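The sequence shown runs 1 to 792 under my numbering.
All residues carry an ideal CB built from backbone N, CA and C; glycine is no exception.
These numbers were taken from a predicted model, which means no experiment stands behind them.
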Amino acid sequence: MIKNHLNIALRNLWKERLFSLISITGLGVGIAVSIIIVQFVIHEWSYDKFHQNGENIYRVLSRNEKGFSYTLASSALAPQLARENPEIKGYTRIYRDWSTNIKNPENPAQLNEETGFIFADQSLFFVFSFPLKYGNARNVLEKPFTVVISERMADKYFGNENPVGKRISYNGEHLFEITGVAKNAPTNSTITFDFVSSNDTFSKINPFGFEKLPNFETFLLIERKDAHPRIIRNIATANKLIATFNYNEKDSYELEALHALRLGSNYTFNEKTGPRVLYILSGIAVLILALALFNYINLATARSTLRAKEVGVRKSIGAGRFTLVSQFFTESALVTFIAFVLSIGLVLLFRDPFNNLFGLTIDFSFLTSKLFITVLVALFVASTILAGIYPALILSRFAPVSVLKGDYTGRNQGAKARRAMMVFQFSVSATLILCSLVVQRQIEFMKDKDLGYNKDQLVNIRLSNAISNKSESFKKEVISKTGIDKVSMSNTAFFRSYGMNKYKTGLSDKVLDIARLEVDSDFAANLGLTWRTAPDKNQETNAGGSYLVLNETAVWKLGYTHVNAVGQTLLQEDGSQLGKVAGVVKNFNLSTPQYEIQPMLLLIKKTTLPANGFSNIQVRFLPKDDIGKKIAILERIYHAYDAESPFQYTFLDDDFEKAFKSQTRISYMVQIFTAMAISLACLGLFGLVTFIGQTRSKEISIRKIMGASVANIFSLLSRDFLILVLISVLIAIPVAYYCMDQWLHNFAYRIEISWWMFAAGGAASLVMALITISFQGLKAALANPADSLRSE
């Protein structure tokens, strides 16, 4: 029976090639988009699930009385807890070295800054499941100044040879022996690394940082959950006992499950995706799949009239409803299977471009994991059932007597459901069009907003520690050798988080968090900042050789104006004087316009440098400058001061664009999903118009003979569809407004949602529907009546 059903299904697919192509293409594209989204969602939900001990691993978290959480602890905490709590079967402490200069001594020209260097306990490979390609996990970090590197670093620095026994240079100061090669950490791992050395090594390189400062993420392997309350109580006792640097008796402590880190609200040292985003993406995947399924269902039920006599004949010769349902369900399953195969091909073709566009990193091996394959099978089964059950029930419902007498009402079978599904399709499309317009306008608004300084042709060079200590002489040499006189220095790069310090004035005891930026005296002029009250050229400095400049926000929040703020004494939280305010600068935004401008203090160094010098230098090029040549000169000067560190620079306008990375991704995502939804909705509409044009061809021909114009015929075919699209737009407007209003609440500076956006989005939906209808509507209206009536 199944073979017979398949033969009939294949014959019908070939007979109705156009409709089969529309159904399979629409369903295949919809499933492909859903799979690409699902791969990301499942990847996020699966973070850290590969660790064998994952369910028993917890991170120590402290929280102050204001609710702020801290993920770093003293190196002495974990050993103390392990001694007091036998339920702790293991622990590992991780220190992350965010910027390390690595070099292969055998190839000195290959010098790179690496960001994946960590120091950890030998137990890292026991607590977590990071397998080694070379080396013994039990003793691989037993000796100091040894290191385990990842496979990608082994390929990068040593090619195809086994690097065990070779050495790498660490910051030009220490040689580390390679004792093992770890397989690359999966992309769904919270803890990632390219180099692992031991904490014993770190204690020798930086004894103060190891013994005194809270520098370590602390992970505990706890055998029993009922021991958690006691361990949490012991954390406070242990911190007090070991005299932790930042110990506060008002702090509270938590044990944060490893599996909860990725989707939790606490810091994890890598870019996170919140659960809300995953729910939204899951909803989008369901919507796209629903649009594709509705296309197929609409066409299948609309075409049911053409198979009514087939059903009547089958029933009259004894076929039961179950047999007919299984036949039509087999046809739907075959279409779904072909569409699924097509979707897999599309996924393989477009997966990498999609991931690159949105900055996603997902191992290809994840697509072959049991979890993902199980999800794919479930998706196929669900799609098959949803696509097949309703058309099969509609087609098998025809009464044989009525059908064979010719007075059946089959053409109305499922008409209401088809209209509802079409309204749903275009409601989704119109909503996404409106959302896309608002998102794009908001991003353009933020990019065009006046930042309060000139970011064009300004390059920021990050200085190594060796050059920072000589930053003043480095600046002078840059000016003398490049001929550029607009050069300034700061202790922080732009579009980063700035250190917040607490200050107050004599007006009240109210303490204000103010971002502090140490700069030189050329900084304001080089960036093109605008003064509200400029400092006196002969301004006296404080004891640290600096004078103080506040921005307008800081002045206002401290209770002053730009006129009376100058001369006021700024106090630190403990009451000690930092100095007197020398000037007020107009607000300028060194983060992104998504956030309000912070209160900011410019500590302008006049007679001295910061303790370790300035870590960044800004050079402004002129329009006539050959930037490539100037950069080459700057690089030569840089390496003359420090040959062991890579020359790193960024242009300020590029940094500004990167600050919008997440918003730009959202914009791309909305645009792509909008295009998909419109394509699927229009494809389904095209199929329905084509079918109606074919089934009403004789009626149209008679109307033309009776004098109906092309416009009359086109109006007859398109009117009902356009009314449905208009209803869809009316549904979409409040939905889109609510969604975008909620999204815009995330921005300090936002656009107003204008009526013209909804008018433009609604018009776009109607125009696209009209264009889609026109292809087949005009074809049917212009057809020769004789071609349809010659057989009558």
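For the options Leu77, Ile37 and Lys476, the alpha carbon positioned closest to that of Lys240 is the one of Leu77.
Restricting attention to Ile94, Gly628, Val511 and Asn107, the CA atom closest to the CA of Thr201 is found in Ile94. In the displayed model, Arg532 falls within a strand according to three-state DSSP. Counting along the chain, Ala109 sits inside no alpha helix (DSSP H); it lies in the beta strand (DSSP E) bounded by residues Asn107 to Glu114.
For Asp653, no beta strand (DSSP E) segment is defined; the enclosing uninterrupted segment is the alpha helix (DSSP H) at Leu652 to Lys658.
With respect to Leu451, Asn587 sits apart: the two C-beta atoms are not nearer than 7 Å. Looking only at Ile36, Arg532, Ile627 and Phe19, the smallest Cα-Cα distance to Val581 is reached by Arg532.
Rounded to the nearest angstrom, the gap between the Cα atoms of Leu548 and Lys476 is 24 Å. The Cβ-Cβ distance between Val140 and Gly165 does not fall below 7 Å. Counting along the chain, the unbroken alpha helix (DSSP H) around Ala524 starts and ends at Phe523 to Leu527. Under DSSP, His639 forms no beta bridge with any residue. Apart from sequence neighbours up to five positions away, no residue of its chain approaches Ala417 with a beta-carbon distance below 6 Å.
DSSP places His259 within a helical segment (H, G or I) once states are collapsed to three. Rounded to whole angstroms, Ser197 and Gly116 show a C-alpha spacing of 11 Å. Residue pairing by DSSP places Tyr95 opposite Phe119 in a beta bridge. Residue pairing for Met600: DSSP places it in a beta bridge opposite Ala515. Taking the Cβ atoms as the reference, Leu291 lies roughly 5 Å from Gln425, within the contact range of under 8 Å. Secondary structure note for Lys156: its alpha helix (DSSP H) is the uninterrupted segment Glu151 to Phe158. Taking C-beta separations shorter than 8 Å and ignoring five residues to either side along the sequence, the partners of Arg419 in its chain run Leu724, following chain order. Proximity of the stretch 606–625 to the stretch 755–775 falls short of the contact definition, fewer than three beta-carbon pairs being nearer than 8 Å.
Cβ neighbours of Ile288 within its own chain (closer than 8 Å, five residues either side excluded): Gly30, Val33, Ser34, Ile37, Phe673, Met676, Ala677 and Leu680. For the pair Glu161 and Asn184, the CB atoms are not nearer than the 7 Å cut-off. Judged by DSSP secondary structure, Ile467 falls within the alpha helix (DSSP H) whose first and last residues are Asn465 to Ser468. Val148 and Gly135 do touch by the CB rule: their CB atoms are close to 6 Å apart, below 8 Å. Within a 10 Å sphere around the beta-carbon of Pro163 sit 16 or more other beta-carbons, which makes this residue buried. By the neighbour-count definition (other C-beta atoms within 10 Å, threshold 16), Asn107 is an exposed residue. If you compare the alpha carbons of Ala534, Thr71 and Ile731 with that of Thr431, the shortest gap goes to Ile731. Ala466 and Glu173 have their C-alpha atoms spaced approximately 12 Å apart.
Between Leu683 and Leu722, the alpha-carbon positions lie close to 15 Å from each other. The stretch 121–130 makes contact with the stretch 79–99: 3 or more CB pairs, one atom from each, lie closer than 8 Å. Between the beta-carbon of Val459 and that of Ile727 there is about 55 Å, and that puts the pair past the 8 Å contact cut. Under DSSP, Gln80 forms no beta bridge with any residue.
In this structure, the straight-line span from the alpha carbon of Thr190 to that of Leu21 is close to 44 Å. Nearest C-alpha to Asn188 among Thr146, Val41 and Ala748: Val41. Distance between His43 and Arg63, taken at the CA atoms: about 29 Å.
Three or more beta-carbon pairs drawn from the stretch 503–523 and the stretch 600–609 are found closer than 8 Å, and the two stretches are therefore classed as touching.
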